[in-house]
Amino acid sequence: MKETMGMSQNDISYLQQQLEADIKREENIITFTFQKEKIKLDDSTEISFITNINPTIKKEVSMMDDALSIHFTIPKTYSFLPPQLKQLDERERLFLTYKVVQQVNQHALSRIHLLVCPENIALDKGLNPYFLHHGVKESLPPYERDQEQLLKEVKATIISIVDSQYTFEQYVSYSQTLKLSTFAKKIVESSSYNELLEILEDRIQGLNEQKPLIMMVNKKSWKLNRYVLYGVTLLLIPSLIYCFYSLFSLQPKQESFISAQEMFLQNNYSEVVTELQPYDVNEMPKVTQYELALSYIINESLTENQKETVRNTITLQSDPQYYKYWILIGRGEAEEALDIARYMEDRDLILFGLLKHKELVKSDDELKREERQQLLADIEDEIKEYQREVEEELVEENNPDQPVSNSVQHESAPEEEKEMKNDEDNTETKVEQEDSSAEEKQDDPAIEQGSQ
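Shown next as structure tokens:
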């Protein structure tokens with residue numbers, strides 16, 4: 001069943017109005033479509049990290065010529081909040097709103113902005129709320145954090161869930177003029193999230209006191225309630241684990257990625273390298289990999305012309321394998337970088353990786369002398385093999401009848417090979433001169449008579 005959330009001006013929802021987006025829902029998939037001319041986003045990689053937010057909800061970002069679409073797929077066991085409300089009693093609604101306030105109060109990501117309304121919330125079986133769309137600073141609306149508007153949205157969400165006398169849109173726009181219940185008035189008059197939590201706690205406590213201390217139930221109902229409790233507990237355990245993971249791992253990681261991006265924009269490339277040093281390359285979004293790879297290239301011991309040539313080949317549209325190659329080179333993992341270069345069959349990267357690997361083997365004090373010499377010999381043989389291929393290609397491209405110039409060989413060979421080559425050239429020149437002198441002596445009669 002496909003549902004389009006508002007197309008006319010009268011039917012447009014609050015979420016659609018705030019985002020200026022088209023929102024469609026089909027079974028367990030909801031799609032947000034933004035016109036590119038109405039948003040600040042330039043490249044979809046700017047928001048690639050949103051897939052790490054609430055990872056149980058799958059997100060797919062697709063950029064078209066004139067529109068950006070974000071598809072949210074919730075698990076089969078999840079549900080969207082609006083159609084689920086009718087199945088919740090007052091206690092469950094209070095618990096749900098309490099969790100919503102807690103999540104908003106604990107939100108600390110400076111670049112990620114919340115937009116709170118029932119339409120933007122999905123629930124799991126434990127009634128844990130998950131926000132679907134998040135604003136991203138300078139990329140997706142809402143672009144800035146408006147604390148006053150956010151508090152107003154949270155209040156309207158609480159009242160529309162618990163009280164449900166009016167719609168969310170009416171509460172958020174006309175709460176000061178509507179005829180409200182005592183509970184709704186307390187919510188509207190509150191000035192902080194902590195105060196909202198206290199009001200909800202009092203309401204929950206009141207419900208508890210209204211119930212008798214002992215309730216007689218039949219055995220079937222008791223078993224059912226027990227199984228429900230077990231289910232809720234099992235659902236809460238992954239949520240708690242994720243909360244701890246988010247607090248101690250995911251959140252610091254995202255903050256490091258954002259901080260590294262700011263340093264990159266300020267041309268502090270060494271700081272970018274330092275900030276991202278603790279993280280594996282596969283943990284980083286593509287745009288972060290690009291920034292780190294470029295930072296390593298700029299800090300690499302290359303000539304300015306070489307750096308410029310490499311930088312021209314590394315863009316946001318490049319194969320991410322190139323990013324990984326330069327990151328591994330910069331981190332001193334030349335052997336792993338070589339595997340990538342061989343996979344891509346890029347001879348220039350292979351040669352550069354071999355030279356880097358050779359330097360690392362020379363400086364590795366943990367290797368035994370025989371093992372080091374064997375490794376260096378293997379690396380040297382491979383370098384010569386690739387250099388031979390380069391020379392053969394040069395011969396084919398220029399003139400097959402002319403030998404490859406020694407200068408090309410000298411430029412690509414290591415210093416030790418240069419010296420050996422110079423010695424060989426000098427020896428060959430000396431032999432040629434001696435042969436030439438001998439021939440002249442044989443041809444010149446005067447020289448022959450003098451010798452006699």
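Reminder that position 282 of the sequence shown reads as 282 in full-length UniProt numbering, one-by-one numbering, no gaps.
Note that the Cβ used here is the ideal one computed from N, Cα and C, for glycine as well.
Asked                                                                                                                                                                              : Found
Give the straight-line distance between the Cα atoms of Gln14 and Cys117, rounded to the nearest whole angstrom.                                                                   : Here the sequence assigns Tyr to residue 14, which means Gln is not the residue at that position. Each residue's alpha carbon lies about 8 angstroms from the other.
Using the three-state DSSP reduction, which class does Met284 fall into: helix, strand or coil?                                                                                    : coil
For Gln176 and Leu196, I'd like the C-alpha separation in whole angstroms.                                                                                                         : 17 angstroms
Nearest to Thr293 by alpha carbon, out of Thr303, Val281, Glu304?                                                                                                                  : A quick correction: the sequence has Ala, not Thr, at residue 293. It is Val281.
Determine the DSSP secondary structure at Val395, reduced to helix, strand or coil.                                                                                                : helix
Which one or two residues does DSSP pair with Gln35 in a beta bridge?                                                                                                              : Ala67
Between which two residues does the alpha helix (DSSP H) harbouring Glu262 extend?                                                                                                 : 251 to 265
Can you give, in chain order, each stretch of the alpha helix (DSSP H) that sits fully within the segment 43 to 130 and has at least 4 residues?                                   : 81 to 84, 90 to 106
Quick check: what's the CA-CA separation for Lys38 versus Gln210?                                                                                                                  : 52 angstroms
Excluding the 5 residues preceding and the 5 following Glu382 in the sequence, name in chain order all residues of the same chain whose CB lies nearer than 7 angstroms to its CB. : Leu354
I'd like to check one pair, Val188 with Arg93: are the Cβ atoms closer than 7 angstroms?                                                                                           : no
Count the other CB atoms within 10 Å of the CB of Lys324; is the residue buried (16 or more) or exposed (fewer)?                                                                   : buried
Going along the chain, which residues of its own chain have a beta-carbon closer than 6 angstroms to the beta-carbon of Phe34, five neighbours each way excluded?                  : Ala21, Leu68
For Pro252, tell me which candidate among Glu27, Ala108, Arg91, Pro141 has the shortest Cα-Cα distance.                                                                            : Ala108
What three-state label does DSSP hand Leu338 in the structure shown?                                                                                                               : helix
Taking Ile199 and Lys179 to be in contact with their CB atoms under 8 angstroms, please state how far apart those CB atoms are, rounded to whole angstroms.                        : Rounded, the Cβ-Cβ distance is 19 angstroms, inconsistent with contact.
Pull up the DSSP beta-bridge partners for Asp22, would you.                                                                                                                        : Thr33
Quick check: the segment 310 to 327 against the segment 78 to 89, are at least 3 beta-carbon pairs closer than 8 angstroms?                                                        : no
Roughly how many angstroms lie between the CA atoms of Ile159 and Leu150, to the nearest whole one?                                                                                : 14 angstroms
In this structure, how does DSSP classify Gly206 when only helix, strand and coil are distinguished?                                                                               : helix
Since Val136 sits in a beta bridge, which residues does DSSP pair it with?                                                                                                         : Ile112, Leu140
DSSP on Gln321, reduced to helix/strand/coil?                                                                                                                                      : helix
Does Tyr279 come out as helix, strand or coil in the three-state DSSP assignment?                                                                                                  : coil
If you reduce the DSSP assignment to three classes, tell me which class Asp346 lands in.                                                                                           : coil
If contacts are defined as beta-carbon pairs under 8 angstroms, then His357 and Glu392 qualify, I think. What distance do you get, rounded to the angstrom?                        : Not quite, the Cβ-Cβ distance comes to about 24 angstroms (not below 8 angstroms), so this is no contact.
Would you check if there are 3 or more beta carbon pairs closer than 8 angstroms linking the segment 130 to 148 to the segment 37 to 56?                                           : yes
Which of the three DSSP states is assigned to Glu424 in this structure?                                                                                                            : Annotation note: pLDDT 45 at Glu424 (below 50); position unreliable, no value reported.
Enumerate in chain order the residues of its own chain whose CB-to-CB distance from Asp348 is below 6 angstroms, with the five nearest sequence positions on each side excluded.   : none
Starting from Leu151, trace the alpha helix (DSSP H) in both directions and tell me its first and last residue.                                                                    : 147 to 162
Have a look at Thr97 and Leu236 and give me their C-alpha separation to the nearest angstrom.                                                                                      : 16 angstroms
Does the beta-carbon distance from Phe72 to Ile12 come in below 7 angstroms?                                                                                                       : no
Would you tell me roughly how many angstroms separate the C-alpha atoms of Glu275 and Leu376, rounded to the nearest one?                                                          : 34 angstroms
With DSSP as the reference, label Leu351 as helix, strand or coil.                                                                                                                 : helix
Secondary structure at Thr167, three-state DSSP: helix, strand or coil?                                                                                                            : coil
Flag Tyr323 as yes if its beta-carbon sits less than 7 angstroms from any beta-carbon of chain D, otherwise no.                                                                    : Absent from the structure is chain D; it holds one protein chain and no more.
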